[in-house]
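J.: A single structure is presented below for examination.
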Amino acid sequence: MEPAKKRRTSPVWVHFDLISPKVKCLLCSRELGYNNNTSSMLRPYRAIHEIKEGHGARPTRKQDLDEALVNLIVKDTQPFSVVEDVGFRAFVALLDPNYVIPTQKAIKAMVDAKYVLERNKAIAEMQKVAAVSLTSDMWTSINMDAYLAVTCHFVDDNTSLNSVFLGVQQFPQTHTAENLARVTASLMEEWGITDKVTCLVTDGNKLWHKLDQTVKLSRKTKNATADATVEVQR
Numbered sequence: 371m372e373p374a375k376k377r378r379t380s381p382v383w384v385h386f387d388l389i390s391p392k393v394k395c396l397l398c399s400r401e402l403g404y405n406n407n408t409s410s411m412l413r414p415y416r417a418i419h420e421i422k423e424g425h426g427a428r429p430t431r432k433q434d435l436d437e438a439l440v441n442l443i444v445k446d447t448q449p450f451s452v453v454e455d456v457g458f459r460a461f462v463a464l465l466d467p468n469y470v471i472p473t474q475k476a477i478k479a480m481v482d483a484k485y486v487l488e489r490n491k492a493i494a495e496m497q498k499v500a501a502v503s504l505t506s507d508m509w510t511s512i513n514m515d516a517y518l519a520v521t522c523h524f525v526d527d528n529t530s531l532n533s534v535f536l537g538v539q540q541f542p543q544t545h546t547a548e549n550l551a552r553v554t555a556s557l558m559e560e561w562g563i564t565d566k567v568t569c570l571v572t573d574g575n576k577l578w579h580k581l582d583q584t585v586k587l588s589r590k591t592k593n594a595t596a597d598a599t600v601e602v603q604r
C-alpha cells in the first residue's frame, strides 16, 4: 500500500479514493487497478474525462461545465451536497446526459483550488498599489457566536474601486480593542498589506490606536502603518 503522505502530495489523489487493492474515481465511480503508481490512474482519468495537458490548450466541455458548477456553488453559496441532490442531478442529466457530476469531495477540492487562484490574484493586485483602506465589523450569529469581518478597499491603475474580502474569523475572545487589533493585524500581515493601510473604518473608537501599537511592536519601527489615519465611529 502506498504511504498516506505520498498519496496526499500527488494531485491525482484529489480525484481518487484508495480502496485497496484498487482505486475509485470520485467523478464517475469507476474502479481501476492500482500498483503503487499514480500514472496508471492519471492516464485513464484523462482519457475518460477529457483532461488535456499543455499550456494554451482549449478547455474541454467538461472543464467548462466543471468551472460553471464551481461558480454556481460560490456565487449562490450552495452547499457541496447540492451535487448529490436528486432534483439537481435530474436537471443536469436533462441538460447534458454525458456530463459526469463531480462528487462532493471532488467539488470541494475544485472550490478550494478556485479560492487559492483568486486569492493569489487579489494579493498580486494589492501589491501594485501604494495604499489601501480597511473596514471591519463585528457581528453575532443566531447561535450567539461572534465573528470579525475585515474587507480591504483600494483604487487600481484604472482608477476603479476594488474591494477584497480578507476574511471572517470566529471571535471567542472578549471584544476588547486589544483583541480586535491583534486579529486585524494578523490578517494584514497574512495578505501582505501591513505597510499599505492608511485608513480604518470601524465601530470601535479605540481600535485604530491599539492596532497602531500592535503593528508597531511587530515591526519594531518608530512609525506604524501610516501617520495620516482616521478611525470613523459609526
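Numbers in our numbering are just positions in the sequence shown, counted from 1, shifted up by 370. Quick reminder that beta carbons are idealized off the backbone N, C-alpha and C, glycines included.
Which of the three DSSP states is assigned to tryptophan 561 in this structure?
T.: coil
J.: Determine the direct distance from the alpha carbon of valine 462 to that of aspartate 434, and round the result to whole angstroms.
T.: 14 Å
J.: Whose CA, out of Thr572, Thr430, Phe386, lies closest to the CA of lysine 475?
T.: Phe386
J.: For glutamine 497 and threonine 510, what's the separation of their Cα atoms in angstroms?
T.: 32 Å
J.: Mark tyrosine 485 as exposed unless 16 or more other C-beta atoms lie within 10 angstroms of its C-beta, in which case mark it buried.
T.: exposed
J.: Here's a check: name, in chain order, each residue in its chain whose Cβ is nearer than 7 Å to the Cβ of alanine 558, leaving out the five neighbours to either side.
T.: In the sequence as presented, alanine is not what sits at residue 558; that position holds methionine. The answer, listed in chain order, is Thr564, Val567.
J.: Pull up the distance between the alpha-carbon of proline 333 and that of asparagine 490, whole angstroms please.
T.: Residue 333 cannot be examined here, being either before or after the span of the chain that is shown, 371 to 604.
J.: In the DSSP assignment, find the beta strand (DSSP E) that holds glutamate 454 and state where it starts and stops.
T.: Looking at the DSSP string, glutamate 454 is not in any beta strand (DSSP E), and its letter there is neither H nor E.
J.: Output the distance between the C-alpha atoms of serine 530 and cysteine 522, rounded to the nearest integer angstrom.
T.: Going from the Cα of serine 530 to the Cα of cysteine 522 covers about 14 Å.
J.: Please classify methionine 514: does DSSP put it in a helix, a strand, or coil?
T.: coil
J.: Given a cut-off of 9 Å, decide if methionine 508 and phenylalanine 541 are closer than it, judged by their beta-carbon atoms.
T.: yes
J.: Taking just the CA atoms, how far does valine 571 sit from threonine 544?
T.: A direct Cα-to-Cα measurement between threonine 544 and valine 571 gives close to 20 Å.
J.: Which residues in the same chain as alanine 501 place their Cβ atom closer than 6 Å to its Cβ, once the five residues preceding and following it in sequence are excluded?
T.: Lys566, Thr568
J.: Is the beta carbon of proline 472 closer than 9 Å to that of aspartate 446?
T.: no
J.: Roughly how many whole angstroms lie between the Cα atoms of aspartate 526 and alanine 492?
T.: 11 Å
J.: Considering only residues of the same chain and omitting the five flanking positions on each side of valine 520, which have a CB-CB separation below 7 Å?
T.: Leu504, Ser506, Leu536, Gly537, Thr554, Leu557
J.: Starting from leucine 531, follow the beta strand (DSSP E) in both directions and report where the run begins and ends.
T.: Run containing leucine 531: 531-540, per the beta strand (DSSP E) assignment.
J.: Quick check on the burial criterion: 16 or more other C-beta atoms within 10 angstroms. Buried or exposed for leucine 487?
T.: exposed
J.: Can you give me the C-alpha to C-alpha distance between asparagine 407 and serine 533, rounded to a whole angstrom?
T.: 45 Å
J.: Please report the distance separating the alpha-carbon of alanine 547 from that of asparagine 513.
T.: 23 Å
J.: Distance, Cα to Cα, glycine 403 vs lysine 478?
T.: 25 Å
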